[in-house]
Amino acid sequence: MFRSLNKEIDKTPLEDWIARKIGLKAGELTQEALDTYQLAQIRKTIAWAKEKSSFYRERFCAVEPESITDFSLFSKLPFTFPRDIRHNPQRLVCTGQKDIARIVTLKSSGTTGQPKRIFFTPEDQQLTIDFFDTGMRNLVGPGDRVLILLPWRQPGSVGDLLKTGLEGLGAKAILFGPVSDAEEAVKIALQSKANSMVGIPTHVLAMARSKNGKLLSGRLKSVLLSTDYVPRSICIALENIWGCKVFNHYGMTEMGLGGGVQCPALAGYHLREADLYFEIIDPESGQVLDEGETGEIVFTTLTRVGMPLIRYRTGDLSRFIPGKCPCGTVLRSMEVVRSRIAGQIKLQNHSLSIAELDEVLFLFDEVVNYQVRIDRDSGMDCLYIDIKMSENTLVSKDKDFKDRICRALRCIPAIQNEFPLSKQIVIINSGNSVPFSTGTGKRSIIDNRFNND
Ligand SMILES: [Zn+2]
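Each residue of the sequence shown is one higher than the one before, counting from 120 in the numbering used here.
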């Protein structure tokens, strides 16, 4: 449920934006009006996709768009999977090549998987800019200076569209890009007088825990974390070091980059519901779950022209939070995504996810980033955690630090039960050798158990 806050909280700007987009005035949005709009757009999307895409023509050959008169009928339609895009993305594209302004290639997290290619028209990109313009109003306003720590060099990249969105609301975008040198990023933040920033969680944490990171304390009013899922431990660390509000954004390229963003209540995300329809399903049975139950997030694009996606399986786990958000909006709230189905490593009797490790490890002031792998040594599973330490850490504390980490990790059931011997957990501190990913790919546990058999 929602935590109660004494202070008056501004309503998410997404509500009035959505109201206007569906033909209502500010303050007039109701759940019924949104439902009616979303169903009409679902029918339009199915009709458009059936007409223009060979994939959906085949997939929905027996579906009459006009027959989808309620969400329960829609929930009987088949899903679209990431593998459908990987296999032959062109079959999902609904326009000619000349209408496509940008193609994003997403590498598979495995080494052998085919990449996914996502196609956008200029109209699709404009919808994303509109969302960024409105969504960012949760945390910045006219005259604010926002450091962008996301890729921006390609026209139509996330940083490029965010810059245009910020300009729309009268804020100044300072383009930096993903952080490979945290000290340099802090220097630019100070020089440019940034009072807000948008970045990848581990990158922003590295800035805060760098030698001069504390100099930004009191200068930032907000930080938006995006791209990877956001560990709660990183939000807590940034709030403590910088004394600023930390907002979470949820989105993926397939969604058109933006999907949802927290309002100042910092509870769940409010979603881009004029452009996207969200469902929470049981990942095993595929059935839509009741409000409040946790399952896989599935979305359908409602306004996408180039490559509409219908009932797309995200692999992310979340739920709709029952009740009203403290900001007072009529919009639903989706709980902040903490884990992915694919991120779970199956051990003998338990599963382990990078999300569980994040919540323990990032609480240590000394930790900037880490890499984790499971190896099978002499028939025994061992967990190797290579930690990139903050430059503020004294090396003399090394032994004590490793002991504290091992003790803390024991609160994770999978570690307590599946790695019971102390020699099964190996903490390495190999200086700066932990590769500092500058990409936007998802972090994961490396599983080498079956490579050497
Ligand atoms: Zn809210």
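Beta carbons are placed, not taken as given, at the ideal position from N, Cα and C, and that holds for glycine.
Strictly by DSSP, which residues pair up with residue i?
i    : result
A325 : In the DSSP output, where bridge partners are listed per residue, A325 has none listed.
R264 : K291
L385 : The partner list for L385 (beta bridge, DSSP) is empty, contrary to what the question assumes.
T224 : R236
F439 : M453
D500 : R495
L395 : T420
L343 : V317, F366
K465 : S470
Y156 : Note: Y156 sits in no beta bridge, so no partner.
T199 : Y431
Out of the options, state which residue places its alpha-carbon closest to the alpha-carbon of residue i.
i    : options                : result
W361 : G337, T346, L344, G377 : G337
K340 : V323, C363, L357       : C363
Q244 : G278, R256, D263, N257 : G278
G370 : S173, N548, C525, T346 : T346
R526 : C501, V491, V479       : V479
K333 : C530, E358, T321       : E358
M374 : L268, R351, C446, I416 : I416
M508 : S497, G411, K521       : K521
D409 : V298, S191, E151       : S191
V455 : R495, E170, G378       : G378
I531 : V298, D496, A474, K561 : A474
L158 : T422, G498, E403       : T422
P629 : Q216, P241, F200, R457 : Residue 629 is absent from the structure shown; the chain starts at 120 and stops at 572.
L225 : L280, R495, T372, G442 : T372
K312 : G318, G262, V223, Q535 : G262
R221 : R523, D203, G434, E242 : E242
Under 9 Å, do residue i and residue j count as touching if we go by C-beta distance?
i    : j    : result
R432 : F198 : yes
T413 : L436 : yes
V491 : L476 : yes
I506 : E485 : yes
L344 : N257 : no
V305 : V342 : no
R451 : E398 : no
F462 : H368 : As written in the sequence, residue 462 is Gly, which differs from the Phe given in the question. No, these two residues do not count as a Cβ contact at 9 Å.
I141 : I161 : no
P320 : I293 : no
T448 : T131 : yes
P208 : I237 : yes
L285 : F251 : yes
P184 : K163 : yes
D129 : G146 : no
C446 : P402 : no
For residue i, count the other beta carbons within 10 Å of its own beta carbon; 16 or more makes it buried, fewer makes it exposed. Which is it?
i    : result
G260 : exposed
N314 : buried
R272 : exposed
D394 : buried
R573 : In this structure the chain extends from 120 to 572, so residue 573 is not present and cannot be described.
A325 : buried
N567 : exposed
L428 : buried
T230 : With a pLDDT of only 49 at T230, under the threshold of 50, the placement of this residue in the model should not be trusted, and no figure is reported.
K169 : buried
F569 : exposed
N548 : buried
T240 : buried
R178 : buried
L540 : exposed
D203 : buried
Return the chain-ordered list of same chain residues with a C-beta closer than 7 Å to the C-beta of residue i, the five sequence neighbours on each side being excluded.
i    : result
A308 : L266, M316, L335
K330 : E302, E510, N511
Q574 : With the chain running from 120 to 572 in the structure shown, residue 574 is simply not present.
R210 : S172, S173, F174
Q150 : V449
W167 : C213, P427
By Cβ distance, which residues of its chain are closer than 8 Å to residue i, with the 5 residues on each side in sequence left out?
i    : result
R205 : S227, G232, Q233, P234, K235
E537 : L466, Q467, N468, H469, L471, D500
V545 : C501, L502, Y503, I504
I565 : Q490, V491, R492, I493
L482 : S352, I355, A356, A527
K542 : C501
V323 : L268, V298, M316, V342, L344, I353, L357
D519 : none
L143 : A152
I219 : V212, F238, F239, T240, G425
Who are the near neighbours of residue i in its chain, counting only those whose CB is closer than 6 Å to its CB and skipping five residues on each side?
i    : result
K291 : R264
T283 : I248
S276 : P270
S194 : V407
R328 : V487, S509
Under 8 Å from any heavy atom of ligand 3, does the C-beta of residue i make it?
i    : result
A138 : For ligand 3, the structure offers nothing, since it holds only ligand 1.
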